[in-house]
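A quick write-up on the structure given underneath.
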Amino acid sequence: MTVSQPHRYTLANGLRVVLAPDATAPVVGVSVHYDVGFRSEPEGRTGFAHLFEHLMFQGSESLEKLAHFRHVQSSGGTFNGSTHPDYTDYFEVLPSAALERALFLEADRMRAPKLTEENLRNQIDVVKEEIRLNVLNRPYGGFPWILLPPVLFETFPNAHNGYGGFEDLEQATVADCAAFFDTYYAPANAVLTVAGDFTVEGAKELIERHFGDVPARPRPQRPSFAEPPPAAELRADHPDPLAPLPAVAIGYRIPDPIDELDAYLAYLVLAGVLTDGDGSRLQQRLVYGDQLVTEVSAGCGMFGPFEARDPDTFTITAMYSPDADLAPVLAAIDEELERLASTPPDAEELAKITARWAASLHKEHDRIVSRTLALGAFELLYGNPSLVYELPDRISAVTPDAVSAAAKALRPDSRAILTITPSGGAE
Numbered sequence: 001m002t003v004s005q006p007h008r009y010t011l012a013n014g015l016r017v018v019l020a021p022d023a024t025a026p027v028v029g030v031s032v033h034y035d036v037g038f039r040s041e042p043e044g045r046t047g048f049a050h051l052f053e054h055l056m057f058q059g060s061e062s063l064e065k066l067a068h069f070r071h072v073q074s075s076g077g078t079f080n081g082s083t084h085p086d087y088t089d090y091f092e093v094l095p096s097a098a099l100e101r102a103l104f105l106e107a108d109r110m111r112a113p114k115l116t117e118e119n120l121r122n123q124i125d126v127v128k129e130e131i132r133l134n135v136l137n138r139p140y141g142g143f144p145w146i147l148l149p150p151v152l153f154e155t156f157p158n159a160h161n162g163y164g165g166f167e168d169l170e171q172a173t174v175a176d177c178a179a180f181f182d183t184y185y186a187p188a189n190a191v192l193t194v195a196g197d198f199t200v201e202g203a204k205e206l207i208e209r210h211f212g213d214v215p216a217r218p219r220p221q222r223p224s225f226a227e228p229p230p231a232a233e234l235r236a237d238h239p240d241p242l243a244p245l246p247a248v249a250i251g252y253r254i255p256d257p258i259d260e261l262d263a264y265l266a267y268l269v270l271a272g273v274l275t276d277g278d279g280s281r282l283q284q285r286l287v288y289g290d291q292l293v294t295e296v297s298a299g300c301g302m303f304g305p306f307e308a309r310d311p312d313t314f315t316i317t318a319m320y321s322p323d324a325d326l327a328p329v330l331a332a333i334d335e336e337l338e339r340l341a342s343t344p345p346d347a348e349e350l351a352k353i354t355a356r357w358a359a360s361l362h363k364e365h366d367r368i369v370s371r372t373l374a375l376g377a378f379e380l381l382y383g384n385p386s387l388v389y390e391l392p393d394r395i396s397a398v399t400p401d402a403v404s405a406a407a408k409a410l411r412p413d414s415r416a417i418l419t420i421t422p423s424g425g426a427e
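For what it's worth, the UniProt record's numbering labels the leading residue of the sequence shown as 1, then goes sequentially.
The structure is reproduced here in structure tokens:
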């Protein structure tokens, strides 16, 4: 991958643009990030951001239903969209000769998606089936991203189910969709990213041609979703008739990933120290040593790091035997955190983790789709797409003392514990 500083500029209608040329392969990635995710949903409209993502593929001002699919796939390309806590993204990856096609498709639906009663009812049914498949009819469905937030958080934006409840989805109207589009899908609330094999001058001309006349609308004011961390240990249990083993998710609040990035990165490294590889602290203690759990993992964010603004979450999840008790598992986790809080990891242990992180980031961003989406997300969240290329060095600079301080902050008197209890009974 050829790394060069991205070109950034803004169109007259407020659309922010990031261009990252790289001629090593004859492909381009195009993405549009909108500054709205499921934390922006109003009460009574859970799942609306994700439902609207589906609607954006159901035709637009100049294209009939399914035309987006046909135009991308006939060019040899791929496409998709996804909804996150604080943004929604759409992308295409195509041969570089098809760049203008992708830009036209994205501009056309930014200008006016087809918001009809037929499309809405159809996509409500599609989303309900997706929920059945991914949550209701799957072991550990929604664990922990749906089930843990209402234990850790109190406010609706942070605690509610981003997939949505069936009743809320069924009450959505075309008028709701139009208002959501008018508010959040304005050019000034979006970032267009193009990465891959193109020239900056050529891309600018095409972008102005297709996006320049998309009508400007005011950028919505983004509310703060901040809330204080829990003042006690909070617990909840979720019976799961499909789960073969009990499971636990422990959630802690962590520093603001935007304004306190270096402190946040220390928790990423801490997660690696705890659970990355067979030699990690909790793998050695819980899986191989005390044999209290069958698997354990840790990380930042309900969907991974760099996907949300404050507040964000550090999670530790584990599955254990039905014959085991949860108390020794929690005690062992607390003991390992206390050990790290009192004695920082040595340089060799830390170097292994940071080297893995750096290698993982380089590998991930070598893929054109991942690089395009990361550049757009970092422009949206941080106002700095170049941070994508700086992350390996920033993570490598995390010190043992910073990891120790992160471990010390994960206190048992300020966390949420969610347990999954198998409830299917014997056959």
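Don't be surprised by glycine CBs; every beta carbon is placed ideally from N, CA and C.
Contact set for residue i: own chain, Cβ-Cβ below 6 angstroms, skip 5 residues either direction
i	result
residue 230	414
residue 135	141, 142
residue 237	419, 421
residue 99	28, 198
residue 56	109, 113
residue 159	149, 150, 153
residue 295	319
residue 272	353
Three-state class that DSSP yields for residue i in the structure shown
i	result
residue 63	coil
residue 303	coil
residue 185	coil
residue 198	coil
residue 342	helix
residue 150	helix
residue 157	helix
residue 21	strand
residue 191	strand
residue 214	coil
residue 45	coil
residue 102	helix
residue 275	helix
residue 355	helix
residue 426	With a pLDDT of 48 at residue 426, under the threshold of 50, the predicted position of this residue should be treated as unreliable, though the coordinate-derived value follows. Coil.
residue 163	coil
residue 180	helix
residue 288	helix
residue 143	coil
residue 390	helix
DSSP beta-bridge partners of residue i
i	result
residue 319	247, 295
residue 233	415
residue 239	421
residue 227	Paired residue(s): none; residue 227 is not in a bridge.
residue 91	31, 80
residue 312	254
residue 326	In the DSSP output, where bridge partners are listed per residue, residue 326 has none listed.
residue 54	Answer is none; residue 54 lacks a bridge partner.
residue 113	60
residue 7	19
Pairwise C-alpha distance: residue j and residue i
i	j	result
residue 190	residue 211	12 angstroms
residue 167	residue 281	44 angstroms
residue 427	residue 393	Reliability of the predicted coordinates at residue 427 is poor, the pLDDT of 45 falling under 50, and the value obtained from them is presented with this limitation in mind. Taking the straight line from one Cα to the other gives about 53 angstroms.
residue 82	residue 50	8 angstroms
residue 173	residue 120	8 angstroms
residue 161	residue 201	44 angstroms
residue 246	residue 329	12 angstroms
residue 305	residue 61	35 angstroms
residue 63	residue 117	17 angstroms
residue 221	residue 40	11 angstroms
residue 336	residue 254	18 angstroms
residue 6	residue 37	25 angstroms
residue 248	residue 279	22 angstroms
residue 95	residue 21	14 angstroms
residue 386	residue 132	39 angstroms
residue 23	residue 77	18 angstroms
residue 378	residue 233	33 angstroms
Assumed close pair residue i, residue j - CB separation to whole angstroms, cut-off 8 angstroms
i	j	result
residue 376	residue 89	7 angstroms
residue 276	residue 353	6 angstroms
residue 203	residue 194	5 angstroms
residue 270	residue 332	Contact doesn't hold; Cβ gap of about 16 angstroms is too wide.
Close-in-space but distant-in-sequence residues of the same chain around residue i (CB under 8 angstroms, 5 per side omitted)
i	result
residue 69	57, 79
residue 218	186, 188
residue 11	17, 187, 207, 208, 211, 212
Own chain residues within Cβ distance below 7 angstroms of residue i, not counting five before or after
i	result
residue 91	29, 30, 31, 79, 80, 369, 372, 373
The ligand GTP heavy atom lying under 7 angstroms from the CB of residue i
i	result
residue 293	Although the ligand GTP was asked about, the structure shown includes no ligands whatsoever.
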